[in-house]
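K.L.:
Starting off with a structure, shown below.
Residue numbers (the numbering used here): 375 to 510.
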């Protein structure tokens with residue numbers, strides 16, 4: 375990761391703590407973990423900073439996590455323009471796909487394979503396998 379970029383990021387967001395780690399991550403409320411140098415490290419760092427800027431903390435419903443990731447990537451695109459960092463749409467879509475795949479896997483019924491729905495109690499229910507007492 376470019377030292378000038380990192381210095382500017384730390385200056386611009388002096389209220390955040392930046393730590394080195396095994397992978398890029400955001401730890402609410404103010405810690406940004408910087409992963410190892412790889413292609414598009416600066417864009418990945420901007421994504422994690424975006425979580426902080428947007429005030430992301432926790433999610434209750436699984437679909438909220440996907441929404442937060444999408445919002446953070448939208449903000450990272452804005453910051454990338456400001457910082458003169460290349461925006462790699464393939465990387466962004468690959469990263470979002472990990473959350474889409476995670477959500478799809480969690481929502482799939484292990485008995486019949488249908489897509490389940492999550493209720494406010496965060497439990498998943500299958501429209502075919504679960505009897506929820508709904509009146510048709």
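For glycine and all other residues, C-beta sits at the position ideal for the given N, C-alpha and C.
Starting from the N-terminal side, write out each stretch of the beta strand (DSSP E) that is 3 residues or longer and does not extend beyond the region 387 to 432.
P.N.:
Here the runs fully enclosed are 391 to 394, 399 to 401 and 405 to 408.
K.L.:
In the DSSP assignment, find the alpha helix (DSSP H) that holds residue 455 and state where it starts and stops.
P.N.:
Within the chain shown, numbered from 1, the residue matching residue 455 stands at position 81. Where residue 455 is concerned, the enclosing alpha helix (DSSP H) stretches over 436 to 457.
K.L.:
Verify whether the separation of the beta carbon atoms of residue 474 and residue 483 is less than 9 angstroms.
P.N.:
For the purposes of this step, residue 474 is taken as residue 100 along the chain shown, with counting starting at 1. For the purposes of this step, residue 483 is taken as residue 109 along the chain shown, with counting starting at 1. No, these two residues do not count as a Cβ contact at 9 angstroms.
K.L.:
Specify whether the region 461 to 480 and the region 433 to 442 touch according to this definition: at least 3 beta carbon pairs, one from each stretch, less than 8 angstroms apart.
P.N.:
As far as the Cβ criterion goes, the region 461 to 480 touches the region 433 to 442, which means the pair count is three or higher.
K.L.:
Beta-carbon within less than 7 angstroms of residue 427's beta-carbon, same chain only, minus the 5 sequence neighbours each way: which residues are those?
P.N.:
The residue labelled residue 427 in the question sits at position 53 within the chain shown. Here the set comprises 449.
K.L.:
Would residue 399 and residue 422 qualify as a contact pair, given that the criterion is a beta-carbon distance under 9 angstroms?
P.N.:
Mapped onto the chain shown, residue 399 falls at position 25. Mapped onto the chain shown, residue 422 falls at position 48. Going by C-beta atoms, residue 399 is nearer than 9 angstroms to residue 422.
K.L.:
Which first and last residues belong to the alpha helix (DSSP H) in which residue 464 is found?
P.N.:
Numbered from 1 along the chain shown, position 90 holds the residue referred to as residue 464. It spans 463 to 481 - the alpha helix (DSSP H) in which residue 464 sits, taken as one unbroken run.
K.L.:
What is the DSSP secondary structure of residue 328, counted as helix, strand or coil?
P.N.:
Absent from the model: residue 328. The displayed extent of the chain is 375 to 510, so no value can be given.
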